[in-house]
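2 protein chains.
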Amino acid sequence: MHLTLSLQRSLQQTPDRLATIFHDRRRTFREMADRVARLAGALRSLGMQPGDRVGMLALNSDRYLEYVMAVWWNAGVINPVNIRWSVPEIVYSLDDCDTRILIVDDAFLHMVDGIRRTAKAPPLFIYAGDAEPPQDMASYEQLIDEAAPVPDAGSGGSDLAAIMYTGGTTGFPKGVMLSHTNLGSAAVQRMAEMPPLRGGRNLHVAPLFHIGGLGRAMVQFMAGETHVVLPGFDAVQVLQTIERESVDETMLVPTMIQMLIAHPDFHKYKLGSLQRLAYGASPSAAATVELVLERMPWLQLSHSYGMTEASPIIASNPPENHTEPARRSGLSRSVGRGVVGIHVRIVDPEGRELPRGTVGEIIVRGPNVMQGYWNKPDETAKALKDGWLWTGDGAYMDEAGHIFIVDRMKDMIVTGGENVFSAEVENAISRHPGVAMCAVIGVPSAQWGEAVHAVVMPKPGVVLTEEEIRAHCREFVAGFKCPKTVEFRSELPLSGAGKILKRDLRAPHWAGQARAVA
Amino acid sequence: MHLTLSLQRSLQQTPDRLATIFHDRRRTFREMADRVARLAGALRSLGMQPGDRVGMLALNSDRYLEYVMAVWWNAGVINPVNIRWSVPEIVYSLDDCDTRILIVDDAFLHMVDGIRRTAKAPPLFIYAGDAEPPQDMASYEQLIDEAAPVPDAGSGGSDLAAIMYTGGTTGFPKGVMLSHTNLGSAAVQRMAEMPPLRGGRNLHVAPLFHIGGLGRAMVQFMAGETHVVLPGFDAVQVLQTIERESVDETMLVPTMIQMLIAHPDFHKYKLGSLQRLAYGASPSAAATVELVLERMPWLQLSHSYGMTEASPIIASNPPENHTEPARRSGLSRSVGRGVVGIHVRIVDPEGRELPRGTVGEIIVRGPNVMQGYWNKPDETAKALKDGWLWTGDGAYMDEAGHIFIVDRMKDMIVTGGENVFSAEVENAISRHPGVAMCAVIGVPSAQWGEAVHAVVMPKPGVVLTEEEIRAHCREFVAGFKCPKTVEFRSELPLSGAGKILKRDLRAPHWAGQARAVA
Chain Y
6 MHLTLSLQRS LQQTPDRLAT IFHDRRRTFR EMADRVARLA GALRSLGMQP
56 GDRVGMLALN SDRYLEYVMA VWWNAGVINP VNIRWSVPEI VYSLDDCDTR
106 ILIVDDAFLH MVDGIRRTAK APPLFIYAGD AEPPQDMASY EQLIDEAAPV
156 PDAGSGGSDL AAIMYTGGTT GFPKGVMLSH TNLGSAAVQR MAEMPPLRGG
206 RNLHVAPLFH IGGLGRAMVQ FMAGETHVVL PGFDAVQVLQ TIERESVDET
256 MLVPTMIQML IAHPDFHKYK LGSLQRLAYG ASPSAAATVE LVLERMPWLQ
306 LSHSYGMTEA SPIIASNPPE NHTEPARRSG LSRSVGRGVV GIHVRIVDPE
356 GRELPRGTVG EIIVRGPNVM QGYWNKPDET AKALKDGWLW TGDGAYMDEA
406 GHIFIVDRMK DMIVTGGENV FSAEVENAIS RHPGVAMCAV IGVPSAQWGE
456 AVHAVVMPKP GVVLTEEEIR AHCREFVAGF KCPKTVEFRS ELPLSGAGKI
506 LKRDLRAPHW AGQARAVA
Chain C
6 MHLTLSLQRS LQQTPDRLAT IFHDRRRTFR EMADRVARLA GALRSLGMQP
56 GDRVGMLALN SDRYLEYVMA VWWNAGVINP VNIRWSVPEI VYSLDDCDTR
106 ILIVDDAFLH MVDGIRRTAK APPLFIYAGD AEPPQDMASY EQLIDEAAPV
156 PDAGSGGSDL AAIMYTGGTT GFPKGVMLSH TNLGSAAVQR MAEMPPLRGG
206 RNLHVAPLFH IGGLGRAMVQ FMAGETHVVL PGFDAVQVLQ TIERESVDET
256 MLVPTMIQML IAHPDFHKYK LGSLQRLAYG ASPSAAATVE LVLERMPWLQ
306 LSHSYGMTEA SPIIASNPPE NHTEPARRSG LSRSVGRGVV GIHVRIVDPE
356 GRELPRGTVG EIIVRGPNVM QGYWNKPDET AKALKDGWLW TGDGAYMDEA
406 GHIFIVDRMK DMIVTGGENV FSAEVENAIS RHPGVAMCAV IGVPSAQWGE
456 AVHAVVMPKP GVVLTEEEIR AHCREFVAGF KCPKTVEFRS ELPLSGAGKI
506 LKRDLRAPHW AGQARAVA
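Chains as they are written, first to last, in the working numbering: chain Y, 6 to 523; chain C, 6 to 523.
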């Protein structure tokens with residue numbers, strides 16, 4: 006599997022099809038391939054060697070997709086930098102995998118000085134914007150204008166293609182090493198699972214630095230269809246773009262979907278072109294599913310479950326599991342079944358497969374499973390055993406192979422000897438009509454070891470009480486699972502992928518104490 | 006990629022779905038997985054080690070599919086024996102790759118003695134039939150009854166999965182080495198290219214020992230759908246089975262399609278369930294396409310082009326290239342475009358890509374490309390260069406990437422300094438309403454070096470003359486391409502894959518002479 010072949014194939018078969026639409030800028034696959042071959046030539050003239058890491062710190066754009074292809078065109082490795090990170094975190098990742106060249110757009114120019122001052126080996130900076138490049142930075146557009154195109158170096162198979170630093174909802178950032186085979190197989194498996202729409206225009210809203218966004222981009226490249234790109238999430242821009250570009254497919258996290266639907270001008274836009282909406286990266290979205298199907302009943306909703314280490318999709322819950330009967334039966338709360346090409350098992354800590362209905366850890370095997378963590382052999386050995394990836398996610402499986410996630414294993418709360426999976430409690434709380442978002446964590450308790458604690462963000466204008474939440478919870482789950490304490494906040498800390506950062510919520514409670522379940 | 010995971014996934018997700026239908030025998034995936042695990046246990050008790058080759062010499066059956074999975078379950082390598090071969094040819098392949106165990110059905114019992122007498126290391130024979138096993142042969146069913154199931158050994162990735170001996174239209178048989186990744190990627194790529202029908206019942210008529218049949222079986226396994234199996238081609242059985250089992254998909258070679266349509270009872274069967282008909286393995290099928298769409302206008306026809314070395318599909322020509330306008334424009338005579346995940350190029354002998362419209366050799370790259378030829382490093386080095394497979398097929402590509410095969414490079418006839426591609430002449434001859442099948446070869450000529458010679462099989466009851474064929478040809482192709490001589494036969498020699506064996510047609514003409522283009 007060679008990742009550039011997706012672009013090569015479009016150049017061969019549909020050179021005049023639109024490859025990218027970014028605001029008013031439209032480029033065909035012929036134009037894109039030419040720019041990629043020139044950018045690759047420029048990177049080579051800047052000293053890039055096969056295998057070198059090249060980073061990009063930027064909002065989504067057509068250039069982001071060119072960067073990805075150009076690095077692979079040169080047999081290099083992309084390091085797509087997390088745009089939510091602080092300078093020290095960015096410098097950590099650049100130093101960790103020795104990234105020699107960093108492409109930066111206007112939104113992150115202010116970080117360049119800090120990176121330059123603190124990195125062990127400061128990278129060479131390229132400015133990817135439309136203004137004059139700052140001093141000491143090469144210009145992306147000028148490089149492309151002046152460079153001669155170079156031939157595709159033809160890397161593929163087990164050659165390293167990407168180092169993706171994991172979001173960091175737990176622990177220290179780890180560089181997930183993904184090969185051409187990993188990313189390519191994952192894309193083809195997804196196409197086999199849910200065939201891409203012919204002539205389909207996919208809107209990239211979720212960040213391309215994240216495997217969720219990059220993974221969808223890979224499917225779109227393999228299918229040879231058009232990428233519509235927005236810099237990031239803005240409700241009005243998303244609504245306008247769906248209408249203007251007749252977008253038929255996109256992926257959003259539930260928070261974004263909620264914001265779209267709640268927007269006062271939602272009803273003013275013609276969204277009939279949108280056929281498919283994928284969502285993921287959030288533990289509990291039952292309320293969002295109901296809401297979105299109420300407003301856009303024609304939509305094919307699907308949920309994807311995965312992780313960076315699996316490039317990323319492990320399971321998918323298709324549109325037929327989002328129908329009214331499937332919602333009543335609870336099937337819409339499953340993350341679906343293992344996708345084509347992937348073997349999924351629910352196992353005990355010794356790796357023995359558990360009977361259906363029993364909660365254990367999800368392990369997976371397939372060509373999409375990462376090569377390991379960059380320079381972290383111990384972490385790699387913990388995650389990969391005999392070719393199986395241990396996900397750290399707790400789940401059970403029904404008789405038809407549907408997987409129901411109960412929690413991150415590490416998020417499990419042990420209270421009075423009982424295991425409480427926070428997702429179950431969060432599901433209960435989120436059914437309260439006044440709750441916008443919530444997270445359940447374990448906090449230290451002299452009496453119970455850990456106590457269930459809920460952090461709740463009410464809907465605007467709604468006032469809730471602790472007792473009200475507790476009483477509501479008791480309607481749905483056993484008493485020991487209900488929160489002992491409830492805290493109200495006007496917002497919750499979110500990761501780049503839209504996950505609630507429970508680590509940040511836990512930190513103040515556990516300061517100076519070791520948690521039983523790390 | 007682990008090939009047994011396809012069965013594991015069905016066992017996990019749809020254990021009670023029918024896996025195989027063979028005449029009146031129906032087995033679910035749960036039953037099949039149990040039999041596979043027991044057969045694997047039996048093979049192990051017979052001394053089979055990981056990596057060992059196990060052969061099967063049999064007509065198609067549900068047991069053929071069990072054999073394939075059971076060998077992989079034990080981390081072994083299948084050697085599916087060509088059922089058209091003579092004893093010496095079979096012995097050659099068994100000896101060549103050291104096949105220790107050979108499963109034989111009733112149809113080939115008569116060859117067992119000969120194999121036993123002449124093989125260097127005679128294999129252990131297993132009888133896969135419903136009668137009493139012959140003396141000195143283990144019983145397939147008894148082995149399954151008595152063996153304890155063993156766990157899946159979990160081989161995959163670059164582990165060898167199959168040695169497939171090439172049909173032998175040219176030269177000496179070569180053992181094509183296909184890994185789990187080769188066969189698995191090929192199947193998933195085909196699913197991405199043309200999504201399998203949900204609940205689809207594929208009818209296996211083409212022999213499973215051939216990559217054409219095995220490749221389709223792999224797609225059906227990956228999709229987790231039902232295999233309907235017939236021992237081989239019999240027009241009435243095919244028609245009956247499509248009707249009785251509501252078959253919706255099958256692959257046939259054009260000769261079989263012609264025999265189906267020409268059958269006097271064709272109109273008596275309800276064939277409305279059949280949605281898709283794939284065809285391949287024949288150089289010229291334009292007349293067949295017209296005919297089949299006249300009789301079954303609802304059919305989605307697709308053509309596949311490939312070879313054992315590519316597991317096998319390289320390009321596919323989809324239903325939309327078989328419409329009336331596509332037939333008029335000539336697009337239905339293309340073999341289609343390179344499929345998802347595969348990079349195809351038309352190159353000159355130095356490997357330089359040629360301009361569109363120029364005839365050169367097809368080379369391909371992708372995860373489906375073989376590891377090499379068993380024990381034939383020189384042949385392997387000739388076929389695989391820098392990861393590209395040189396197909397030996399001559400073709401040109403249009404501006405949209407459609408590939409038009411002009412000939413096997415080796416079948417090119419050089420006559421009076423002009424190159425003649427026999428497929429072009431065959432296409433012309435086959436347009437004659439009285440021609441059932443034909444082949445064009447080069448024969449020695451004192452005057453021209455080689456002369457174009459046609460071997461024609463007229464339709465039953467039709468009498469043709471040499472001059473008639475020549476005059477008809479001149480209507481479509483240049484004079485130098487028309488056959489200098491024409492020979493009429495009541496049948497043509499066919500390979501197991503339904504290809505005309507030109508080698509056999511050429512042999513008498515070239516006895517004692519070296520051919521300029523070997």
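We treat Cβ as the ideally placed atom computed from N, Cα and C, and that holds for glycine. Computed from a predicted structure; not experimentally measured.
DSSP three-state assignment for Y145 of chain Y, whether helix, strand or coil: By 1-based counting over the first sequence, the position of residue 145 of chain Y is 140. Y145 of chain Y falls in the helix class under three-state DSSP.
- prompt: Is it a yes or a no for the segment 208-225 of chain Y touching the segment 60-68 of chain Y, going by three-plus beta-carbon pairs under 8 Å?
  reply: yes
query: From G159 of chain Y to A166 of chain Y, what distance separates their C-alpha atoms?
result: Translated into positions along the first sequence, residue 159 of chain Y becomes position 154. Translated into positions along the first sequence, residue 166 of chain Y becomes position 161. About 12 Å.
- request: Have a look at the DSSP bridge pairing and note the partners of L165 of chain Y.
  value: Indexing the first sequence from 1 puts residue 165 of chain Y at position 160. In DSSP, L165 of chain Y forms a bridge with Y:S184.
message: Quick check: the segment 303-313 of chain Y against the segment 335-342 of chain Y, are at least 3 beta-carbon pairs closer than 8 Å?
response: Yes: at least three Cβ pairs fall under 8 Å.
Other residues of its chain near P513 of chain C: CB distance less than 8 Å, five sequence neighbours each side excluded: Translated into the one-based positions of the second sequence, residue 513 of chain C becomes position 508. No residues qualify anywhere along the chain.
message: Which residues in chain C have a C-beta closer than 7 Å to the C-beta of H308 of chain Y? List them in chain order.
response: Here the question's residue 308 of chain Y lines up with position 303 in the first sequence. Proximity of chain C to H308 of chain Y at the Cβ level (cut-off 7 Å) is not reached, the minimal Cβ distance being about 17 Å.
message: Would V468 of chain Y pass as an interface residue toward chain C - the criterion being a Cβ-Cβ separation below 9 Å?
response: The count along the first sequence starts at 1 and reaches residue 468 of chain Y at position 463. Cβ-Cβ to chain C under 9 Å: no for V468 of chain Y.
- request: Out of Y:V345, Y:I347, Y:I368, point me to the one whose CA is closest to D353 of chain Y's CA.
  value: Looking up residue 353 of chain Y in the first sequence gives position 348. Nearest neighbour of D353 of chain Y by Cα position, chosen from Y:V345, Y:I347, Y:I368, turns out to be Y:I368.
Option nearest E429 of chain Y by Cα separation, candidates Y:K486, Y:D150, Y:A143: The count along the first sequence starts at 1 and reaches residue 429 of chain Y at position 424. The candidate whose alpha carbon is nearest that of E429 of chain Y is Y:K486.
message: So if I threshold CB-CB distances at 8 Å, which residues from the segment 342-364 of chain C count as touching chain D?
response: Of the chains in the structure shown, none is chain D; the protein chains are Y and C.
- prompt: Interface residues of chain Y around P200 of chain C at Cβ under 8 Å?
  reply: The sequence position of residue 200 of chain C within the second sequence is 195, counting from 1. Residues of chain Y passing the Cβ test: A197, P200.
field: Cutoff 9 Å: V4 of chain Y Cβ touching any chain C Cβ
entry: Not covered by the structure: residue 4 of chain Y. The range shown for chain Y is 6 to 523.
Neighbour list for L10 of chain C in chain Y, Cβ cutoff strictly below 7 Å: As a working note, residue 10 of chain C is residue 5 in the second sequence. Simply H348.
- prompt: In three-state DSSP terms, what is E404 of chain Y?
  reply: For the purposes of this step, residue 404 of chain Y is taken as the residue at position 399 of the first sequence. In the structure shown, E404 of chain Y adopts coil according to DSSP, grouped into three states.
task: Within the same chain, show all residues whose beta-carbon is closer than 7 Å to that of R479 of chain C, passing over the 5 residues directly before and after it, in chain order.
output: On the second sequence, residue 479 of chain C is found 474 positions in, with the first residue counted as 1. Answer for R479 of chain C: C487, listed in chain order.
- prompt: What does a CB cutoff of less than 6 Å around L48 of chain Y pick up in its chain, not counting 5 residues either side in sequence?
  reply: As a working mapping, residue 48 of chain Y is identified with position 43 in the first sequence. So the qualifying residues of the chain are N79.
query: Alpha carbon to alpha carbon, how far is R121 of chain Y from W395 of chain C?
result: In the first sequence, the residue the question calls residue 121 of chain Y occupies position 116. In the second sequence, the residue the question calls residue 395 of chain C occupies position 390. When rounded, the distance between both Cα atoms is 49 Å.
field: Which of helix, strand or coil DSSP assigns to S337 of chain Y
entry: The residue you call residue 337 of chain Y lines up with position 332 of the first sequence. In the structure shown, S337 of chain Y sits in a helix (DSSP, three-state: H, G or I).
query: So is A191 of chain C buried or exposed if we call it buried at 16+ other beta carbons inside 10 Å?
result: Walking along the second sequence from the start, residue 191 of chain C turns up at place 186. The residue in question, A191 of chain C, is buried, as its Cβ has 16 or more Cβ neighbours within 10 Å.
query: Helix, strand or coil: how does DSSP classify R478 of chain C here?
result: Along the second sequence, read from residue 1 onward, the residue named residue 478 of chain C stands at position 473. Before going on, a small fix: residue 478 of chain C reads as Cys here, not Arg. C478 of chain C falls in the helix class under three-state DSSP.
query: In or out: H272 of chain C buried (at least 16 other Cβ within 10 Å) or exposed?
result: Counting from one through the second sequence, the residue named residue 272 of chain C turns up at place 267. Burial call: exposed.
- prompt: By DSSP, does N326 of chain Y sit in helix, in strand, or in coil?
  reply: For the purposes of this step, residue 326 of chain Y is taken as residue 321 along the first sequence, with counting starting at 1. Helix at N326 of chain Y.
message: Would V243 of chain Y and L235 of chain Y qualify as a contact pair, given that the criterion is a beta-carbon distance under 9 Å?
response: The count along the first sequence starts at 1 and reaches residue 243 of chain Y at position 238. The count along the first sequence starts at 1 and reaches residue 235 of chain Y at position 230. Yes, the pair counts as a contact, with Cβ atoms nearer than the cut-off.
message: Which residue wins for smallest C-alpha separation from R361 of chain Y, given the options Y:V109, Y:A197, Y:F409?
response: Here residue 361 of chain Y corresponds to residue number 356 of the first sequence, with the count starting at 1. The shortest C-alpha to C-alpha distance from R361 of chain Y to any of Y:V109, Y:A197, Y:F409 is the one to Y:F409.
- request: Please work out which residues of its chain come closer than 6 Å, Cβ to Cβ, to W515 of chain Y, disregarding the five sequence neighbours upstream and downstream, and give them in chain order.
  value: Position 510 of the first sequence, counting from 1, holds the residue named residue 515 of chain Y. So no residue of the chain qualifies.
task: Grab the span of the beta strand (DSSP E) containing G447 of chain C for me, first residue to last.
output: Against the second sequence, residue 447 of chain C aligns to sequence position 442. Note, G447 of chain C: beta strand (DSSP E), 440-450.
field: Neighbour-count burial assignment, D157 of chain Y, 16 or more Cβ in a 10 Å radius
entry: Locating residue 157 of chain Y in the first sequence gives position 152, where the first residue counts as 1. By the neighbour-count rule (16 or more Cβ atoms within 10 Å), D157 of chain Y is buried.
task: Pull up the CB-CB distance for G189 of chain C and G346 of chain Y, whole angstroms please, since I reckon it's below 8 Å.
output: For this step, residue 189 of chain C is matched to residue 184 along the second sequence. For this step, residue 346 of chain Y is matched to residue 341 along the first sequence. Between G346 of chain Y and G189 of chain C the Cβ distance is about 7 Å, and since that is below 8 Å, they are a contact.
query: Got a sec: does the ligand COA put a non-hydrogen atom nearer than 8 Å to the Cβ of A386 of chain Y?
result: Among the components of this structure there are no ligands whatsoever, and the ligand COA is therefore not found.
task: Taking only beta-carbon positions, decide if Q305 of chain C is within less than 9 Å of chain Y.
output: Stepping through the second sequence from its first residue, residue 305 of chain C is reached at position 300. For Q305 of chain C, the answer is no, since every Cβ of chain Y falls outside 9 Å of its Cβ.
message: Any C-beta of chain C within less than 9 Å: which residues of the segment 225-252 of chain Y qualify?
response: Listed by position, the residues of the segment 225-252 of chain Y near chain C (Cβ gap below 9 Å) are M227, A228, G229.
query: Nearest chain C C-beta to Q17 of chain Y closer than 9 Å, yes or no?
result: By 1-based counting over the first sequence, the position of residue 17 of chain Y is 12. So yes, Q17 of chain Y belongs to the interface.
query: Alpha carbon to alpha carbon, what distance is there between P498 of chain C and L10 of chain C?
result: Taking the first residue of the second sequence as position 1, residue 10 of chain C is located at position 5. Taking the first residue of the second sequence as position 1, residue 498 of chain C is located at position 493. Taking the straight line from one Cα to the other gives about 39 Å.
query: Going by C-alpha distance, which of Y:E455, Y:N432, Y:D29 is nearest H477 of chain Y?
result: In the first sequence, counting from the first residue as 1, residue 477 of chain Y sits at position 472. Checked all of Y:E455, Y:N432, Y:D29; the closest Cα to H477 of chain Y is Y:N432.
- prompt: So which residues on chain Y does Q280 of chain C lean against when the C-beta distance must stay under 7 Å?
  reply: Sequence index remark: in the second sequence, residue 280 of chain C carries index 275 (1-based). Going along chain Y, no residue has its Cβ under 7 Å from Q280 of chain C, so there is no contact; the nearest lies around 15 Å.
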